[in-house]
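Residue 4 is where the sequence shown starts when you use our numbering, and the numbers rise one by one after that. Shown next, in structure tokens, is the structure this report addresses.
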Amino acid sequence: MFTLLFAAVVQATALVALHWVFVTRVRGQYADAMSLAGASIGFRHIDDLVYGVLDVVSVATVIAGIVLIGVVALVRRRFVLAAATAILVVGANVTTQVLKRFVLDRPDLVDLYPGDVVGSASNTMPSGHTTVAMSVAVAFVLVVPSRVRGLVAVLATGYAAVTGVGTLAARWHRPSDVVAACCVVGLWAALVGAFAVAKKVPRRTARDSAGRVVPLLAVVGVLLLAAGAGCLALTWLTGPGDLGRTEHFVAYAGGAAGIAGACAVVMAGVLAFAPWLAPEPARPAAKTQARRDRVAG
Numbered sequence: 004m005f006t007l008l009f010a011a012v013v014q015a016t017a018l019v020a021l022h023w024v025f026v027t028r029v030r031g032q033y034a035d036a037m038s039l040a041g042a043s044i045g046f047r048h049i050d051d052l053v054y055g056v057l058d059v060v061s062v063a064t065v066i067a068g069i070v071l072i073g074v075v076a077l078v079r080r081r082f083v084l085a086a087a088t089a090i091l092v093v094g095a096n097v098t099t100q101v102l103k104r105f106v107l108d109r110p111d112l113v114d115l116y117p118g119d120v121v122g123s124a125s126n127t128m129p130s131g132h133t134t135v136a137m138s139v140a141v142a143f144v145l146v147v148p149s150r151v152r153g154l155v156a157v158l159a160t161g162y163a164a165v166t167g168v169g170t171l172a173a174r175w176h177r178p179s180d181v182v183a184a185c186c187v188v189g190l191w192a193a194l195v196g197a198f199a200v201a202k203k204v205p206r207r208t209a210r211d212s213a214g215r216v217v218p219l220l221a222v223v224g225v226l227l228l229a230a231g232a233g234c235l236a237l238t239w240l241t242g243p244g245d246l247g248r249t250e251h252f253v254a255y256a257g258g259a260a261g262i263a264g265a266c267a268v269v270m271a272g273v274l275a276f277a278p279w280l281a282p283e284p285a286r287p288a289a290k291t292q293a294r295r296d297r298v299a300g
């Protein structure tokens, strides 16, 4: 439980750091603005695909996701898990909207940007679309049987990452907005995990396929974050006279890599704690022995 609470603190700290660096600092706003400018490169070739993905995300998606997740959990007689995952989805999305509309401010630093980079003074952190996609993805991963959890996690991570990158490609959100949304979902997943542990849900007995996927997602996520950090460093150091198509694309590619990496790392963390967040109920000893007797007979 204390490990999960520590994970929640880490996610909250990362969220605060993202806001401080990319919203309140000139260079941070500049780097995000460069990513948005680079997103226009070649967008006409993928606009139908991007808008098709983004149009899926809505209030109806949240409701449908909660219903589907609840049905899966209830069919499996996981009543505490059904409540916990519903709290995760609702809590994460309400938190994002409260932070974006009432808590986080965005100072107008556009006039201080180097060169002719154009930015927007409106606050868009965290990304609502990404919060919806990531929270539903994480909740669904937690309610499915452990034997298929690894495969579902890979597919769910891909869905969340595509949605997050799509908001950048459509120039709806800055990279920091999307990564912040991942932190919000990771925070709520850790809190829900602490709740599940406090309720003393039975520990798992079935084989969990997620064990093989955690290293994969973690390594891929770290590599993508490293690539994003490298591109960010180049963007950070770009002088006013060096702004061109290549520099804008590097900023965009770095933002996309950082988004995908954040989705993968958060999902890897969820999977690592899945045996505690969503443990399989222990089988009664009598039923287990009877099954063994039938096999032996």
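C-beta: ideal position from N, C-alpha, C; glycine also. Only a predicted model underlies this, so the values are computations on that prediction, with no experimental measurement involved.
Collapsed DSSP secondary structure at residue i in the structure displayed
i	result
A173	coil
L112	coil
S125	coil
G301	Since the displayed the chain opens at 4 and closes at 300, residue 301 lies outside it and no answer follows.
I44	coil
W27	Checking the displayed sequence, the identity of residue 27 turns out to be Thr instead of Trp. Note: T27 maps to coil in three-state DSSP.
R80	coil
M307	Residue coverage of the chain in this structure runs from 4 to 300, which leaves residue 307 outside it and unanswerable.
S179	helix
I49	coil
V146	helix
M137	helix
L57	helix
L107	coil
T16	helix
Buried or exposed by the 16-neighbour rule on C-beta atoms within 10 Å, applied to residue i
i	result
F9	exposed
I66	exposed
Q100	exposed
G257	buried
S125	exposed
V62	exposed
L77	exposed
A20	exposed
V75	buried
Y255	buried
A172	buried
T249	exposed
L226	exposed
P218	exposed
G247	exposed
P129	buried
S138	buried
G55	exposed
H48	exposed
S149	buried
L91	buried
L194	buried
S38	buried
Check: residue i C-beta below 7 Å from any heavy atom of the ligand MN
i	result
R152	In the structure shown, the ligand MN is absent, as is every other ligand, since no ligand is present at all.
What are the start and end residues of each continuous alpha helix (DSSP H) run of 4 or more residues lying completely inside the stretch 193-279, in chain order? 213-240 and 248-275
Spell out a yes or no on whether the stretch 30-41 and the stretch 173-183 are touching, meaning 3 or more CB-CB pairs, one atom from each, closer than 8 Å. yes
So, does the stretch 133-143 touch the stretch 93-107, judging by three or more C-beta pairs under 8 Å? yes
Can you find at least 3 beta carbon pairs, one from the stretch 215-234 and one from the stretch 252-263, that sit closer than 8 Å? yes
Determine, using beta-carbon pairs with one atom in the stretch 194-201 and one in the stretch 157-176, whether at least three such pairs fall under 8 Å. no
Tell me, please, whether the stretch 146-163 touches the stretch 267-274 by the rule of three or more beta-carbon pairs shorter than 8 Å. yes
Decide if the stretch 143-156 is in contact with the stretch 213-223; the criterion is three or more beta carbon pairs, one per stretch, under 8 Å apart. yes
How do the stretch 77-89 and the stretch 181-190 stand: do at least 3 beta-carbon pairs fall below 8 Å, yes or no? no
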